[in-house]
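Visitor:
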Amino acid sequence: MKTMLILGGIMLFLAVALGAFGAHALKERLNESQTKTYQTGIQYHLIHGLGLILIGLYAGVAEHASLAVLAGWFIVAGILLFSGSLYALSLTGIRKLGAITPLGGVAFLAGWVVFIVAAAQG
36 MKTMLILGGI
46 MLFLAVALGA
56 FGAHALKERL
66 NESQTKTYQT
76 GIQYHLIHGL
86 GLILIGLYAG
96 VAEHASLAVL
106 AGWFIVAGIL
116 LFSGSLYALS
126 LTGIRKLGAI
136 TPLGGVAFLA
146 GWVVFIVAAA
156 QG
């Protein structure tokens, strides 16, 4: 529970820091397409950072807290794989990195499915 809250805070801090870095330091370096890719990574990073906090709060009161925590770990993996690959793709231009992005999307989906199961079980 506490771990998910801490990870959520860390992820949100990093998303804001990386967003500011992208908006300022990378403004002249990235083309329009790269900027859009980078911003997509930030958007999903922020949303799922908030999701981690919600999962952590739920885990604190849930009967099946272990399932909620498992959901949180899937979300963490999703942030690292999905957003991380988009950051790397936009900064390096290495198109093969885009192959990692769907794995992160699947991790996000798995996390939310596990969360739904945890919530449904009470």
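All residue numbers for the sequence shown refer to the working numbering, where the first residue is 36 and numbers rise by one.
We treat Cβ as the ideally placed atom computed from N, Cα and C, and that holds for glycine.
Taking DSSP as the reference, what is the three-state secondary structure of I77?
Guide: For I77, the secondary structure class from DSSP, reduced to helix, strand or coil, is helix.
Visitor: Between the region 58-74 and the region 102-114, do at least 3 Cβ pairs fall closer than 8 Å?
Guide: Too few Cβ pairs lie closer than 8 Å, so no.
Visitor: Just how far apart, CA to CA, sit T72 and L85?
Guide: 20 Å
Visitor: Judging by CA-CA distance, which residue of M36, G57, L49 and I88 is the nearest neighbour of L115?
Guide: L49
Visitor: Just checking my contact of M46 with G91 at CB under 8 Å: how many whole Å lie between their CB atoms?
Guide: With a Cβ gap of about 11 Å, M46 and G91 do not count as contacting.
Visitor: Along the chain, where does the alpha helix (DSSP H) containing S120 start, and where does it finish?
Guide: G119 to T127
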